[in-house]
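S.K.:
Residue numbers (this note's numbering): 44 to 229.
1. What separation, rounded to the nearest whole angstrom, lies between the Cα atoms of residue 88 and residue 135?
2. Considering only their Cβ atoms, is the gap separating residue 204 from residue 68 smaller than 9 Å?
3. Hey, how far is the Cα of residue 170 from the Cα of residue 45?
4. Assign residue 55 to one of three DSSP states: helix, strand, or coil.
5. When the cut-off is 9 Å and only beta carbons count, does residue 75 lie next to chain C?
6. Which word fits residue 218, buried or exposed, when buried means at least 16 other C-beta atoms lie within 10 angstroms of its C-beta?
7. Return the CA-CA distance between residue 120 and residue 144, expressed in angstroms with no decimal places.
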């Protein structure tokens with residue numbers, strides 16, 4: 044990590060935001076799963092009630108049968124189940140109608156998870172580039188100090204310094220590019 048990183052506040056905000064986005068995505072996925080399970084249970088209940096109310100009819104003709112136009116039930120059980128069936132059917136319709144928007148929300152949350160993950164990876168790459176830059180800063184400083192102590196020039200050590208100065212320049216360019224990219228994305 045970068046000591047005294049000017050982006051430290053933004054990093055913390057990103058970590059917090061990424062956690063909330065991940066939690067949102069997980070909750071939406073769970074809600075979709077639970078909605079599917081509840082809808083299935085409701086359908087099973089409706090089917091069971093229909094089979095109890097009309098045992099002589101074929102099971103396949105009962106599924107999805109509309110109660111509209113049916114005679115008004117007269118006994119207590121029939122009135123209660125008729126009202127219950129109507130409410131459950133309404134709830135299933137509401138769940139079906141809400142599903143496309145819930146799927147869109149899930150996809151949007153999934154995209155945010157992906158984008159925050161990519162930005163966090165860029166920050167880690169920036170950290171590695173900073174560490175590499177620090178390494179070459181120290182190495183070039185040490186090599187220059189060693190050369191300054193020597194009384195006569197050494198071409199081999201001059202070449203070594205030149206190679207490390209070049210590596211330092213490349214590390215500086217890499218860090219600068221990653222730093223700019225991260226700042227633009229944040």
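Even for Gly, the Cβ is constructed at its ideal location relative to N, Cα and C.
M.R.: By the coordinates alone:
1. Computed Cα separation, rounded: 12 Å.
2. No, these two residues do not count as a Cβ contact at 9 Å.
3. CA-CA distance, residue 170 to residue 45, rounds to 6 Å.
4. Of the three classes helix, strand and coil, the one that applies to residue 55 here is helix, per DSSP.
5. Absent from the structure is chain C; it holds one protein chain and no more.
6. It counts as buried.
7. Distance between the alpha carbons of residue 120 and residue 144: 37 Å.
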